[in-house]
Amino acid sequence: MRLQCKPCTVRNLPFFAALSEDELTEVLKVVQHRKYPARATILRAGDPADALYFILSGRVHVLLANGQGREVIVAIRGPNDFFGETGLLQAAPRVEDVRAYESCEVLWVPRTLLMEWLQRNPAAALFMVRTLAGRLANAHRTVANLALLDVYSRVARVLVDYARDVNGQWMVEPGSELIAAMVGASREMVSRVVKDMLKHGMVRRYKRKLVVLDRAALMGRAAPAMESSHEEGGGMLVRNVKPAAHQPCS
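Numbering (the numbering used here), first residue to last: 1 to 250.
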């Protein structure tokens, strides 16, 4: 669904904060404000990289798939972040799928405008470089986790990283299926890990969510395990993912 793109929608994004009034007028002629429902596929691997997407509200999953129903979530992007950068600077095909985790709104920026703006605005170029450098570092950490941590440790790390304080309780939003897609293990393996964590009082269940009870114990298990592990989940294999703001313009 395409919505009317308002000036404040563009101005709210750090990447376009330095636009002059004349530049803003020109940008508004070509960018698009789009809305996608939950679980909608926004980008597909192999498609031409012809635009960058800035997230105004909601979240998306960036996925790699093997074409046989197995996929792994490599990133979760939220408001004020962007996606679709792979292949964009090189004018190469996209290498990942991007799917709406929940209903989301994005600003579609064509490659021609993006490249022109990066060349004209050092602040925007630096913003892009810093973001991509951070993503590269995160990718390295993900590879290290898969290589050095067993499944139990990887699950513990996800629980620590994604626990949020909700009314004094550390709630974990991702369920077992989504956690499996994030750690590169089967849902059955993750369920066994969670069952053991429940048994040892590290977490408890509340309305199909997990609540972290012992963060220290989880953090201890999330530390790199240097010994070799023969548990399932050492590779980038997962299942079929099941999906779950920007400031409003006045």
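Where is the CB? At the ideal position from N, CA and C, for every residue including glycine.
- In the DSSP annotation of this structure, residue 29 is not part of any beta strand (DSSP E), being labelled neither H nor E.
- The Cβ atoms of residue 151 and residue 183 sit closer than 9 Å to each other.
- Around the Cβ of residue 205, a 10 Å sphere holds fewer than 16 other Cβ atoms; the residue is exposed.
- DSSP, reduced to helix, strand and coil, places residue 207 outside both helices and strands of the structure shown, so it counts as coil.
- Looking at 181, 168, 155 and 163, the one whose alpha-carbon comes closest to that of residue 195 is 155.
- DSSP, read as helix, strand or coil, puts residue 195 in helix.
- Bridge partners of residue 64 according to DSSP: 72.
- For residue 14, the closest alpha carbon among the candidates 1, 43, 80 and 134 is that of 80.
- Burial state of residue 12 is buried, judged by a 10 Å Cβ sphere holding 16 or more other Cβ atoms.
- Beta bridge pairing from DSSP links residue 171 with 164 and 211.
- By the Cβ neighbour-count rule, residue 176 is buried, with 16 or more other Cβ atoms within 10 Å of its own.
- With a cutoff of 9 Å on beta-carbon distance, residue 203 and residue 158 are scored as not near each other.
- Of all alpha-carbon atoms in 144, 214 and 75, the one lying nearest the alpha-carbon of residue 163 is that of 214.
- Across the structure, residue 136 and residue 97 are spaced so that their CA atoms are roughly 18 Å apart.
- Annotation for residue 51: the continuous beta strand (DSSP E) segment containing it runs 51-57.
- Between residue 33 and residue 2, the beta carbon gap of about 7 Å places them in contact (Cβ cut-off 8 Å).
- For a cut-off of 8 Å, the C-beta gap from residue 62 to residue 104 is around 13 Å, too long to register as a contact.
- In this structure the region 83-103 lies against the region 27-44, because at least three pairs of beta carbons, one per stretch, are closer than 8 Å.
- Counting only residues of its own chain and dropping the five nearest sequence neighbours on each side, residue 58 has a CB closer than 6 Å to the CB of 102, 103 and 104.
- Cβ atoms of residue 132 and residue 85 come within 8 Å of each other, at about 7 Å.
- For residue 118, the enclosing alpha helix (DSSP H) stretches over residues 111-120.
- Of the other Cβ atoms in all chains shown, fewer than 16 fall within 10 Å of the Cβ of residue 91; this residue is therefore exposed.
- Within the same chain, Cβ atoms closer than 6 Å to the Cβ of residue 217 are found at 202, the five residues on either side in sequence being excluded.
- Of the other Cβ atoms in all chains shown, fewer than 16 fall within 10 Å of the Cβ of residue 188; this residue is therefore exposed.
- Its chain contains 84, 108, 109, 110 and 111 as the residues whose beta carbon lies nearer than 7 Å to that of residue 51, once the 5 sequence neighbours on both sides are disregarded; these appear in chain order.
- The Cβ atoms of residue 73 and residue 181 sit closer than 9 Å to each other.
- The residue from 144, 129, 179 and 113 with its alpha-carbon nearest to that of residue 25 is 113.
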